[in-house]
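Engineer:
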Amino acid sequence: MPQMPVARFPSIAPPTVSIFASYPSTTPQSLNDSVVLLVQRELSRVKNLLYFESSADTLGLATIIVTVDRRGSGRSCPRSCDPPAVDGRRPLRSAGRW
Numbered sequence: 004m005p006q007m008p009v010a011r012f013p014s015i016a017p018p019t020v021s022i023f024a025s026y027p028s029t030t031p032q033s034l035n036d037s038v039v040l041l042v043q044r045e046l047s048r049v050k051n052l053l054y055f056e057s058s059a060d061t062l063g064l065a066t067i068i069v070t071v072d073r074r075g076s077g078r079s080c081p082r083s084c085d086p087p088a089v090d091g092r093r094p095l096r097s098a099g100r101w
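Its first residue numbered 4, the sequence shown is counted upward by one per residue in my numbering.
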């Protein structure tokens, strides 16, 4: 059976990066205001960002799921490389300096 090169397979779903934060003993609104909004503001600078969604709960846990478009990155990257994670590190470091 002949093997098809990996590059010929279509991209089915855009890559995502999940970000989790824990801030025990706080309200969802406080968690959103003090953590989630800061991260979202910095994430909006990530190249090729398609969208992100977030939630905060009464246990002090926040989740942000970031979806990016790998095709628009303008660079070739092997399958082992994760452009969303690479592009997302810098803004997250900035958000962590509050």
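For every residue, glycine included, the Cβ atom is placed at its ideal position computed from N, Cα and C.
What is the DSSP secondary structure of leucine 62, counted as helix, strand or coil?
Structural biologist: Leucine 62: coil per DSSP, three-state reduction.
Engineer: Quick one: give me the first and last residue of the beta strand (DSSP E) that valine 38 is part of.
Structural biologist: Note, valine 38: premise wrong, no beta strand (DSSP E); not H, not E.
Engineer: Which residues mark the beginning and the end of the beta strand (DSSP E) in which valine 20 is found?
Structural biologist: Segment 19–25, the beta strand (DSSP E) holding valine 20.
Engineer: Should tyrosine 54 and valine 38 be called a contact, given that it needs their Cβ atoms to be closer than 9 angstroms?
Structural biologist: Their beta carbons are not under 9 angstroms apart, which means tyrosine 54 does not touch valine 38 by this criterion.
Engineer: Please determine, among Thr19, Ile15, Pro17 and Leu40, the residue with the shortest C-alpha to C-alpha distance to alanine 65.
Structural biologist: The residue with the shortest Cα to Cα distance from alanine 65 is Leu40.
Engineer: Less than 6 angstroms between C-beta atoms, sequence neighbours within five positions excluded: which residues of the same chain meet that for asparagine 35?
Structural biologist: For asparagine 35, where only same-chain residues beyond five positions count, the Cβ hits under 6 angstroms are Ala59.
Engineer: I need the DSSP call for serine 79, collapsed to helix, strand or coil.
Structural biologist: Per-residue confidence for serine 79 stands at a pLDDT of 42, beneath the threshold of 50, marking its modelled position as unreliable; no derived number is given.
Engineer: Taking all protein chains shown into account, do 16 or more other C-beta atoms lie within 10 angstroms of the C-beta of glycine 77, making it buried, or fewer, making it exposed?
Structural biologist: Because glycine 77 sits at a pLDDT of 48, beneath the cut-off of 50, its placement in the model cannot be relied upon, and the point is left open.
Engineer: Compute the Euclidean distance between the alpha carbons of arginine 74 and glycine 63, then round it to the nearest angstrom.
Structural biologist: Between arginine 74 and glycine 63, the C-alpha separation is close to 35 angstroms.
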